[in-house]
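**Student:** First residue of the sequence shown: 1, per UniProt numbering; consecutive thereafter. Here a beta-carbon is modelled for each residue, glycine too, at the ideal position from N, C-alpha and C. Computed from a predicted model, the values in this text were never measured in an experiment.
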Amino acid sequence: MATVTAAFGRLLPSAQTTANLCNCAPFSSPPETNPVDDGVWMQLREEAEMDTGKEPMLRELYTATVLSHCSLEKSLAFILDAKLSSPQLRLKDVFIAAFDADPGIGRSVRKDLAAFLESDPACSRMVHCFLCYKGFLAVQTHRVAHKLWEDGRRTLALFLQSRVSEVFAVDIHPAAVIGSGLVLDHATGVVIGETSVVGDNVSIFHNVTLGGTGKITGDRHPKIGDGVLIGTGTNILGNVRVGRNTMIGAGTIVRKNVPEGITVVGNPARFIVDKKVTDEPNWDR
Ligand SMILES: CC(C)(COP(=O)(O)OP(=O)(O)OC[C@H]1O[C@@H](n2cnc3c(N)ncnc32)[C@H](O)[C@@H]1OP(=O)(O)O)[C@@H](O)C(=O)NCCC(=O)NCCS
Numbered sequence: 001m002a003t004v005t006a007a008f009g010r011l012l013p014s015a016q017t018t019a020n021l022c023n024c025a026p027f028s029s030p031p032e033t034n035p036v037d038d039g040v041w042m043q044l045r046e047e048a049e050m051d052t053g054k055e056p057m058l059r060e061l062y063t064a065t066v067l068s069h070c071s072l073e074k075s076l077a078f079i080l081d082a083k084l085s086s087p088q089l090r091l092k093d094v095f096i097a098a099f100d101a102d103p104g105i106g107r108s109v110r111k112d113l114a115a116f117l118e119s120d121p122a123c124s125r126m127v128h129c130f131l132c133y134k135g136f137l138a139v140q141t142h143r144v145a146h147k148l149w150e151d152g153r154r155t156l157a158l159f160l161q162s163r164v165s166e167v168f169a170v171d172i173h174p175a176a177v178i179g180s181g182l183v184l185d186h187a188t189g190v191v192i193g194e195t196s197v198v199g200d201n202v203s204i205f206h207n208v209t210l211g212g213t214g215k216i217t218g219d220r221h222p223k224i225g226d227g228v229l230i231g232t233g234t235n236i237l238g239n240v241r242v243g244r245n246t247m248i249g250a251g252t253i254v255r256k257n258v259p260e261g262i263t264v265v266g267n268p269a270r271f272i273v274d275k276k277v278t279d280e281p282n283w284d285r
């Protein structure tokens, strides 16, 4: 947690000013959810209160990052701004404008938080993911970068990609299409190329590449189905399809389509059937 305090330190207001602090200017349009009905935001606030009850020295940090804000989106914009802005370019308004313009981003943020809590045994509180998990923060920044990319603000989108790569060691091209409920666990070394598509409820461990083969241009990156798990150190190369609910073991190299609902491991990737590694006759179906 010392690292977290250091990361936010330069933007923390003094204890005196946090007492009555509210960082919330109104949205230009009303937020999609009534805060009272926003269970995820309420849970984040309750968890922040519980943490500060147990560890009072975190009160100032939690107040500045979570408790002084009136919505999840405002809080997240503050956190991402603190992590990614440079003296020449403050990003808070960029994040707020994107969350405001596209409520779908907020829905995906909430699904990502729920997915972390459900699938990561090390994640005991959503608020820890919200503040500290760089895979979560990298994905949320990508969601904003993708919106900028789609809106034609491509240089700013590439700047966000670059800052995320520098700060979190996660490199996702802003054009990549990413679903909801994504868990980037540990996240260091994840690379997702320009024409990649990642479905809903996907888990990706560290040092995973969704890359091109280097031999073709255009639509050249993998398409990952819903519910896929991709183990650490895996490379999925080329415009290949990975079917829904497939598990790809750690250290696998995938160069061909993978059917849905199975497990593959190794280099070249082979199937696990009845707990045995085997070749699969229907590899290309
Ligand atoms: C593939 C995986 C999901 C397990 O699938 P499973 O169906 O339960 O497989 P089992 O553990 O029963 O192993 C079956 C066979 O596959 C082999 N195998 C399992 N994972 C393998 C892998 N990643 N690479 C090569 N072989 C693997 C096992 O050695 C075993 O073969 P054997 O009987 O000849 O010894 C799991 O091993 C894995 O790789 N998960 C990714 C986890 C990860 O990335 N963790 C990072 C945490 S920080």
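#1: Note the first and the last residue of the continuous alpha helix (DSSP H) segment covering Asp112.
#2: With three or more C-beta pairs closer than 8 Å as the rule, is the segment 177 to 184 touching the segment 131 to 150?
#3: Val177: which of Phe205, Asn207, Gln140 and Val167 sits nearest, CA to CA?
#4: His221 and Gly211: beta carbons closer than 9 Å?
#5: Counting along the chain, where does the beta strand (DSSP E) carrying Phe271 start and finish?
#6: With H, G and I counted as helix, E and B as strand and the rest as coil, what does DSSP make of Asp279?
#7: List the DSSP bridge partners of Leu210.
#8: Could you tell me if the beta carbon of Leu229 falls within a distance shorter than 8 Å of some heavy atom in ligand 1?
#9: Please determine whether the Cβ atom of Thr246 lies at a distance below 8 Å from any heavy atom of ligand 1.
#10: Using only the alpha-carbon positions, how far apart do Val277 and Leu58 sit?
#11: Below 9 Å between beta carbons: does that hold for Asp192 and Asp171?
#12: Per DSSP, what are the beta-bridge partners of Ile230 in this structure?
#13: Assuming Phe205 contacts Gly231 (C-beta within less than 8 Å), just tell me the rounded distance between them.
#14: For the putative contact between Lys147 and Ile96, defined by C-beta atoms under 8 Å, what is the C-beta separation to the nearest angstrom?
#15: Are the CB atoms of Val144 and Phe99 within a distance shorter than 9 Å?
#16: May I ask you to check if the CB of Ile224 is nearer than 8 Å to at least one heavy atom of ligand 1?
#17: Determine, using beta carbons only, whether Val127 and Ala48 come nearer to each other than 9 Å.
**Tutor:** Let's see:
#1: Start at 1 with the first residue of the sequence shown, and residue 112 comes out as number 112. Element bounds for Asp112: Pro103 to Ser119.
#2: Three or more Cβ pairs drawn from the segment 131 to 150 and the segment 177 to 184 lie within less than 8 Å of each other, which places the two stretches in contact.
#3: Sequence index remark: in the sequence shown, residue 177 carries index 177 (1-based). Selected option, being the one with the closest Cα: Gln140.
#4: Here residue 221 is taken as the residue at index 221 of the sequence shown, counted from 1. Here residue 211 is taken as the residue at index 211 of the sequence shown, counted from 1. It is a contact, given that the beta carbons lie within the stated cut-off.
#5: Sequence index remark: in the sequence shown, residue 271 carries index 271 (1-based). Element bounds for Phe271: Arg270 to Val273.
#6: In the sequence shown, residue 279 corresponds to position 279, counting from 1. Asp279: coil per DSSP, three-state reduction.
#7: On the sequence shown, position 210 is the one that residue 210 refers to. According to DSSP, which records beta bridges pairwise, Leu210 is partnered with Ile192 and Ile236.
#8: Here residue 229 is taken as the residue at index 229 of the sequence shown, counted from 1. At least one heavy atom of ligand 1 is nearer than 8 Å to the Cβ of Leu229, so yes.
#9: Within the sequence shown, residue 246 is the residue found at index 246, counting from 1. Because no heavy atom of ligand 1 lies under 8 Å away, the Cβ of Thr246 does not count as near it: no.
#10: Residue numbering aside, residue 277 sits at position 277 when the sequence shown is read from its first letter. Residue numbering aside, residue 58 sits at position 58 when the sequence shown is read from its first letter. Taking the straight line from one Cα to the other gives about 49 Å.
#11: If you number the sequence shown from 1, residue 192 lands on position 192. If you number the sequence shown from 1, residue 171 lands on position 171. Before going further, note that residue 192 is Ile rather than Asp in the sequence given. Yes.
#12: Walking along the sequence shown from the start, residue 230 turns up at place 230. Ile230 is bridged to Ile204 and Ile248.
#13: The residue you call residue 205 lines up with position 205 of the sequence shown. The residue you call residue 231 lines up with position 231 of the sequence shown. At roughly 6 Å, the Cβ-Cβ gap stays under 8 Å, so Phe205 and Gly231 are in contact.
#14: Residue 147 sits at position 147 when you count from the first residue of the sequence shown. Residue 96 sits at position 96 when you count from the first residue of the sequence shown. With a Cβ gap of about 12 Å, Lys147 and Ile96 do not count as contacting.
#15: The residue you call residue 99 lines up with position 99 of the sequence shown. The residue you call residue 144 lines up with position 144 of the sequence shown. In this structure, Val144 lies closer than 9 Å to Phe99 by Cβ.
#16: Position 224 of the sequence shown, counting from 1, holds the residue named residue 224. Ile224 Cβ: outside cutoff for every heavy atom of ligand 1.
#17: Counted from its first residue, the sequence shown places residue 127 at position 127. Counted from its first residue, the sequence shown places residue 48 at position 48. Cβ distance < 9 Å, so Val127 and Ala48 count as in contact.
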